[in-house]
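Novice: So in full-length UniProt numbering, the last one in the sequence shown is 84, and the numbering has no gaps at all.
Beta carbons: idealized from backbone N, C-alpha and C, even for Gly.
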Amino acid sequence: MPEDKPRCVMGVGYPLDIVVCSALGADIYDSVCPTRTARFGTALVPEVCMNYTWAYIHCLVTKDAMGSQLLSYHNLNCMLPLQT
1 MPEDKPRCVM
11 GVGYPLDIVV
21 CSALGADIYD
31 SVCPTRTARF
41 GTALVPEVCM
51 NYTWAYIHCL
61 VTKDAMGSQL
71 LSYHNLNCML
81 PLQT
């Protein structure tokens with residue numbers, strides 16, 4: 001594959017997969033892990049954005065789609081540093 005073309009990896013699911021693929025030269029990833037885990041009310045790391053408490057997010061996850069959206073943003077933000 002030409003060096004000037006981006007390398008896309010499809011279906012990587014776990015943070016470790018992204019670290020390994022990055023080490024092997026991948027540039028772009030297609031992963032449902034951050035959003036899928038958020039839909040089930042799971043954050044990838046214990047620390048959450050300082051704007052919301054765990055109790056508030058738990059309440060949103062159980063009663064409103066906004067909770068899944070907040071956790072999705074959080075999980076995506078947690079995975080971004082893994083690509084470098």
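Less than 8 Å separating the beta-carbons of leucine 16 and glycine 41?
Specialist: Result no, Cβ atoms of leucine 16 and glycine 41 do not sit closer than 8 Å.
Novice: Go through its chain and collect everything with a Cβ distance to methionine 79's Cβ below 8 Å, but skip five positions before and after it.
Specialist: Only Pro15, Ile18, Ser31, Cys33, Pro34, Leu44 meet the Cβ criterion.
Novice: Just verifying my parser: in three-state terms, what is the DSSP assignment at aspartate 64?
Specialist: Correct three-state label for aspartate 64: coil.
Novice: Helix or strand or just coil, what does DSSP make of methionine 79?
Specialist: The answer is helix: DSSP assigns methionine 79 an H, G or I state.
Novice: Could you tell me if asparagine 75 is buried or exposed, where buried requires 16 or more neighbouring beta carbons within 10 angstroms of its beta carbon?
Specialist: Classification for asparagine 75: buried.
Novice: By the three-class DSSP mapping on this structure, what secondary structure does valine 12 have?
Specialist: Looking at valine 12 - three-state DSSP - the assignment turns out to be coil, as it is neither helix nor strand.
Novice: Roughly how many angstroms lie between the CA atoms of proline 6 and glutamine 83, to the nearest whole one?
Specialist: Approximately 14 Å, taken between the alpha carbons.
Novice: Assign tyrosine 73 to one of three DSSP states: helix, strand, or coil.
Specialist: Residue state, collapsed to three classes: helix.
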